[in-house]
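This report refers to the structure that appears directly beneath it.
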Amino acid sequence: MRMPPGAGLLNLVPLLLGLFFVLCVHRGAAIICFDCHSDQGTCNEGECEGVVCVKMETSNIDDDRRTVQKGCGLEYEDSECQQTGLGSKWTSRCVCDQPLCNGDAALIASGLEPPADDASALRSSLPVLVGSLFARLLLNF
């Protein structure tokens, strides 16, 4: 049986539309983020392109040393900040999904990160909190 002219092309239309959609969605999801590293506190410079923006900060409470790394993530993650502490070390990792959202002012404005005064208070109380949680764990065993 002979197919009418152009029938083969009609079979390709859904495939081509699907491919076009995937390419457009992937490109449309990319955002511009700050891309920098600083041992002198913070930085809001450089650019990279990714699916999410990331800010990582490490601090040593004993010597007030602070390192900030900002860049792009290639896989989607929910927008949030997570802080952890162990002894005198404190680490914060923030992820967000808007252009240049890993800038200091943008993270504070979005509520993901506390203002500088609140962050300092959290860092100074973190060793006490970690120590008390560790003591509770030991007492329960």
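Numbered by mature numbering (1 follows the signal peptide of the UniProt record, and there is no 0), the letters in the sequence shown go through residues -30 to -1, 1 to 111 in order.
Glycine included, every Cβ here is placed at the ideal spot set by N, Cα and C.
This one's a predicted model, so the numbers in the text were calculated from it and none came from an experiment.
Which listed residue (the options) has its alpha carbon closest to that of residue i
| i | options | result |
| --- | --- | --- |
| ILE2 | PRO69, PRO85, GLY73 | PRO69 |
| GLY57 | CYS18, THR28, GLY11, GLY81 | THR28 |
| GLY55 | CYS66, ASN30, CYS18 | ASN30 |
The beta strand (DSSP E) enclosing residue i, as first and last residue numbers
| i | result |
| --- | --- |
| ILE2 | 1 to 3 |
| CYS6 | 6 to 8 |
Supposed close pair residue i, residue j - CB separation, criterion 8 Å
| i | j | result |
| --- | --- | --- |
| ASP9 | THR37 | 5 Å |
| CYS64 | CYS42 | 13 Å between Cβ atoms; not a contact. |
Residue range of the alpha helix (DSSP H) that includes residue i
| i | result |
| --- | --- |
| LEU77 | 74 to 79 |
Residue i versus residue j - alpha carbon distance
| i | j | result |
| --- | --- | --- |
| GLY73 | ASN14 | 6 Å |
| SER62 | ALA(-2) | 25 Å |
| GLY20 | LEU44 | 5 Å |
| ALA85 | ILE78 | Checking the sequence shown, residue 85 turns out to be Pro, not Ala. Whole-angstrom Cα-Cα distance: 6 Å. |
| THR12 | CYS71 | 14 Å |
Inside the stretch 20 to 67 only - beta strand (DSSP E) runs reaching at least 3 residues: 22 to 30, 35 to 43, 50 to 56, 59 to 66
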